[in-house]
Every structure is written in C-alpha cells, then in structure tokens.
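In my numbering, the protein residues as written are 11 to 436.
Worksheet: one structure, shown below.
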Amino acid sequence: MTVRAFRGEIVSVPHDPATHPDPVRHEPDGLLVVEDGIIVARGAYADLAPLHPGIAVETLPGLIVPGFIDAHVHYPQMDRIASHGEQLLDWLDRHIFPAEKAFADRAHADQVAGLFLDELLRNGTTSALVFPTVHAHSVDALFDAACKRNMRVISGKVLMDLGPEGLADTVETARGESEALIRRWCGTGRLGYAVTPRFALTSSDAQLHVAGALLDAHPDALLHTHLAENVRECAEVAARFTNAIDYLDAYDRFGLVGARSVFAHGVHLSDRACARMRESDAGIAVCPTSNLFLGSGFFDFSQAARHGLKLGLGTDVGAGTSFSMLHTAGVAYQAGLMRGHRLDPFRALYLATAGSAALLHIGDKVGGLLRGQEADFVVLDPGATPLLARRTAGADLAERLFALQILGDDRAVAATYVLGARVARA
Ligand code: GUN
Ligand code: ZN
C-alpha cells in the first residue's frame, strides 16, 4: 500500500452554492491523507496529524483545490484553436472538418491524444468529457493515452451520417462501432463511454434513433452532444425538425433527453426546454470562451437558476480559446454579467469541479476532495505572476479565488496530482 500525505491550504466546493446552505470546505492549514490514490482523511493539520504518526508529509505551498473537470472539449480540434473569421457552421466547414479528416490516420490520432491530455494536465484538468472524431480508432487512441496517464476520461465515437464526405459514418457503422467500443473499453481503468451524436444537423433521424437505442442498451453510458449554441444553427434545426417544439424536443423524440444527457452550450433555450431539462434531470456544459469566440451569445445563468438546471463548465477547445478551466471560470463570470448575473467565485470553482463531476455522473469519485474520493488535485499559486501576487496579497479566500479566475491560467497551476501522484509541474 502506498500512503502519502499533503499539508497545505485546502479548499473545495462539493455542493452547489446556489442551493446548498454550507457548500464550501476550507482548511487554512489542512492535511490530505491518501492511500493507493484514495483520500482516506482530510481535515485540519492540527487535528489529523496526531492520528497519523510517522507518516511522511509533503508540504505544498499555495492553494490545494480539486483537479478541474472539463465537461466538454474536442481533442481533435486542439491544432485548430484560434482559427479566424467564422461563426459556427462556416467554422466547422472551413477549419474543423478538414482537421478531423486527418484522424483517419491512427498514428496522427495517437500523437494528438497524448499532446492533448498532457495539455489538460498542465492546466490542472484531471477529468474530461471529450469529443473525438467519427473514426472509432480516435476513441481507442484517446482511451489508450488516458490509461497511460491514469486519467478519468469519458468519450465515445462521434455519430454523424450526414457529415461531409470523408467524415460521415452510416446508421449501421454508428451502431456496430459504438457497440464494439463499449465492449472493448467498458470497465477499463477510469474510463467511461458517451454516446456522441455530433449535433442534430449531422445525424439522420435513423441515426438519432440508433443513439437512443444505444442509450437504452447501455444504462451506464452518457449522452453527449451540442444544443442551441448559435443562432443560425438553431434556425436550421427548426427548419429540419418541423414537428419538434424546439431544439431540445428534436433530441427528446429519439429518447436522448435524460438524467445522463450532457448538452454543450444551451445559449438559446426556451423556458419550455429548460423546464423539460429540469424534469428529465439533463444538464448543460456551459462553454463561455467558445460562445464568445464563435459569436454565439452569452449563457443565461439567471434562466438556468430559475429552472434549477444542473450545470458544469467546459472549455470546448477548439472553439474555446483556452485549456485553462481557471480562465474559463473567469470568462463565465463576464458572460454572466452580460445577462445580468453575478457568478460567485465559489460557485465558479464548483462548476469547474464538483458541478462538472455531478453532470458527468462521476461526483461520487472526484470533484470534492472528500474522504473516499480519488486524490486528483491541483496546487494553485496565487503569486504566479507579479500582478497576481500584488492583487492577492492579504486578500481573503473569495478574493484570491476570483483573482485566480480573472488573472490566472496555466501559469497559476504549480502542480497537478492524479491519484495522489504528481503528473505535472510548472
Ligand atoms: N456543433 C457541432 N459540432 C460542433 C463543434 O465541433 N464545436 C462546436 N462548438 N459546436 C459544434
Ligand atoms: Zn463542442
């Protein structure tokens, strides 16, 4: 058995501050005791240290927080981040589909998957729900790379039989390849499977029906797709699905709206759709840097709060402009203000950790730094840059967290730990 102990200032937000009376856990001088990657004790150093005599303690300077959980990100788009000039549908045609075609080559997929996961870890992200490409081996490449790094990664072959030439599957390959991937990977390491129709516009009705059947057959799988992101996309969905009440209903008719459904964006949602999401316990991965970059709009946090929607936070790289969940949380605050909502820094940390974990149904395992959970954590350095150091000197916890979200990024991640082992260092 490997036993490790870490001493430092520890903060986590295991519960949603929007609804929970006591959401934050904070030890100014805390101790985290880890056995074989699992947290077996957490508390004040003065209380816990006497209970663990003789244990070797590593003191970590800075702020220990849970590893970040990116609830929506595309690994094949890493090399197309910062592609200039278009909104969603034109951006897909001009920049993204050509890049994804290159993943027909397994060696290319292997190379990008490794670089992508290393970039997540460098940014303090230890778990993620990831879009690969339509190619089944793009999932194998990602899962192989995740296993090598012991990371908690959820993914699944993209379904897109109406996609462009060279990037379209069929109803039959969607079913057969998804089933084979689930058989191959289920129960391996820390991996999970998500049935992943790209979005309503790139799947035929028959393929959306297959997605619903896959979910029925595999109750542990998530549903992962895009929803109501961009105005022109919404208009095209309305034009095609003339019988649907709204965009969400186009998915609902195929059995794709349920407690394990993760919808990226949801910028343009009707109150009816929000009510239906709440009723079904589906949730949204909010992706503010992407929404700005593609001119999609600003997520309506107030509407989501009115309906009690389950939310997580995603970078959505490559439409998202940063791998940093700190930076993404800072932009979420600014996007919120655009629609009259003041996102609290503790709630922003919740969304980037335990909120995303709950959305991805891994909240029992990660996100809260609680006893019994896996020891994925990050050491943040509030003095990472001269400006951060000045702004956070003498500041209280809420101010330091907010400064890290507004001014911080990968530079503020001093170290990342997966299952209690250091995997990245500034
Ligand atoms: N909608 C369908 N595909 C995509 C994609 O790759 N990125 C984003 N942001 N939205 C999408
Ligand atoms: Zn996306």
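Where is the CB? At the ideal position from N, CA and C, for every residue including glycine.
Is residue i close to ligand 1? I mean its beta-carbon at under 7 angstroms from any heavy atom of the ligand.
{"i": "alanine 109", "result": "no"}
{"i": "alanine 6", "result": "The structure shown does not extend to residue 6, since the chain is modelled only from 11 through 436, so no value can be given for it."}
{"i": "arginine 208", "result": "yes"}
{"i": "isoleucine 106", "result": "yes"}
{"i": "glutamate 239", "result": "yes"}
{"i": "alanine 245", "result": "no"}
{"i": "alanine 295", "result": "no"}
{"i": "leucine 98", "result": "yes"}
{"i": "histidine 84", "result": "yes"}
{"i": "serine 148", "result": "no"}
{"i": "histidine 236", "result": "yes"}
{"i": "serine 93", "result": "no"}
{"i": "alanine 184", "result": "no"}
{"i": "leucine 398", "result": "no"}
{"i": "leucine 61", "result": "no"}
Please tell me whether residue i and residue j are closer than 8 angstroms, where the distance is taken between their beta carbons.
{"i": "alanine 269", "j": "aspartate 291", "result": "yes"}
{"i": "glutamate 187", "j": "alanine 221", "result": "no"}
{"i": "isoleucine 20", "j": "leucine 379", "result": "yes"}
{"i": "leucine 232", "j": "isoleucine 164", "result": "yes"}
{"i": "glycine 134", "j": "valine 341", "result": "no"}
{"i": "leucine 131", "j": "valine 433", "result": "yes"}
{"i": "phenylalanine 308", "j": "valine 277", "result": "yes"}
{"i": "alanine 109", "j": "proline 86", "result": "yes"}
{"i": "glycine 265", "j": "leucine 369", "result": "no"}
Give the single residue among the options whose Cα lies nearest to the Cα of residue i.
{"i": "threonine 395", "options": "Asp374, Ala358, Ala436", "result": "Ala436"}
{"i": "threonine 363", "options": "Ser22, Gly18, Phe16, Met11", "result": "Ser22"}
{"i": "leucine 201", "options": "Thr136, Gln217, Gly265, Thr183", "result": "Thr136"}
{"i": "histidine 236", "options": "Thr252, Arg208, Ser213", "result": "Arg208"}
{"i": "isoleucine 48", "options": "Asp100, Phe16, Asp57, Leu407", "result": "Phe16"}
{"i": "threonine 206", "options": "Ala368, Leu359, Ser148, Ala92", "result": "Ser148"}
{"i": "valine 181", "options": "Ala223, Leu41, Cys157", "result": "Ala223"}
{"i": "valine 428", "options": "Arg410, Ala385, Asp420, Ile416", "result": "Ala385"}
{"i": "leucine 323", "options": "Thr338, Asp46, Phe311, Glu175", "result": "Thr338"}
{"i": "glycine 197", "options": "Gln217, Thr183, Asp230", "result": "Asp230"}
{"i": "proline 38", "options": "Ser214, Asp46, Arg52", "result": "Arg52"}
Flag residue i as yes when its Cβ comes closer than 7 angstroms to any non-hydrogen atom of ligand 2, and as no otherwise.
{"i": "aspartate 326", "result": "yes"}
{"i": "alanine 260", "result": "no"}
{"i": "phenylalanine 113", "result": "no"}
{"i": "phenylalanine 141", "result": "yes"}
{"i": "alanine 138", "result": "no"}
{"i": "alanine 342", "result": "no"}
{"i": "glycine 274", "result": "Reading the sequence as shown, one finds alanine at residue 274 and not glycine. Because some heavy atom of ligand 2 lies under 7 angstroms away, the Cβ of alanine 274 counts as near it: yes."}
Under 7 angstroms Cβ to Cβ from residue i, same chain only, skipping five residues before and after it: list those, please.
{"i": "valine 247", "result": "Ala210, Leu211, Tyr257, Ala260"}
CB-CB under 8 angstroms to residue i, same chain, minus the five flanking residues each way: which ones, in chain order?
{"i": "leucine 98", "result": "Glu239, Asn240, Arg242, Glu243, Leu304, Ser306, Ala329"}
Near residue i, which residues of its chain fall below 6 angstroms by C-beta distance, leaving aside the five closest residues on each side in sequence?
{"i": "phenylalanine 356", "result": "Val23, Pro27, Val34"}
{"i": "threonine 143", "result": "Pro86, Glu110, Phe113, Val168"}
{"i": "histidine 25", "result": "Pro33"}
Would residue i pass as an interface residue toward chain C - the criterion being a Cβ-Cβ separation below 8 angstroms?
{"i": "aspartate 26", "result": "Of the protein chains in this structure there is only one, and it is not chain C."}
Could you pull out every unbroken alpha helix (DSSP H) segment of at least 4 residues lying fully inside the stretch 37-80, listed in chain order?
55-58
For the stretch 172-205, which segments carrying the alpha helix (DSSP H) assignment without a break, of at least 4 residues, lie completely within its bounds, in sequence order?
With a minimum length of 4 residues, the continuous alpha helix (DSSP H) runs that stay inside the stretch 172-205 are 181-195.
Could I get the ranges of all uninterrupted beta strand (DSSP E) runs contained in the stretch 278-318, with 3 residues as the minimum, in chain order?
If one requires a minimum length of 3 residues, the beta strand (DSSP E) runs lying completely within the stretch 278-318 are 293-296, in chain order.
Mind pulling the beta strand (DSSP E) runs of 3 or more residues that sit fully within the stretch 87-113?
none
In the stretch 333-379, which residue ranges form an unbroken alpha helix (DSSP H) of at least 4 residues, counting only runs that do not cross its ends?
335-348, 355-360, 366-369
Which residue spans inside the stretch 233-274 form an unbroken beta strand (DSSP E) run of at least 3?
Along the stretch 233-274, the beta strand (DSSP E) does not occur as any fully enclosed run of 3 or more residues.
Where are the alpha helix (DSSP H) runs, 4 residues long or more, that stay fully inside the stretch 371-425, in chain order?
396-402, 407-417
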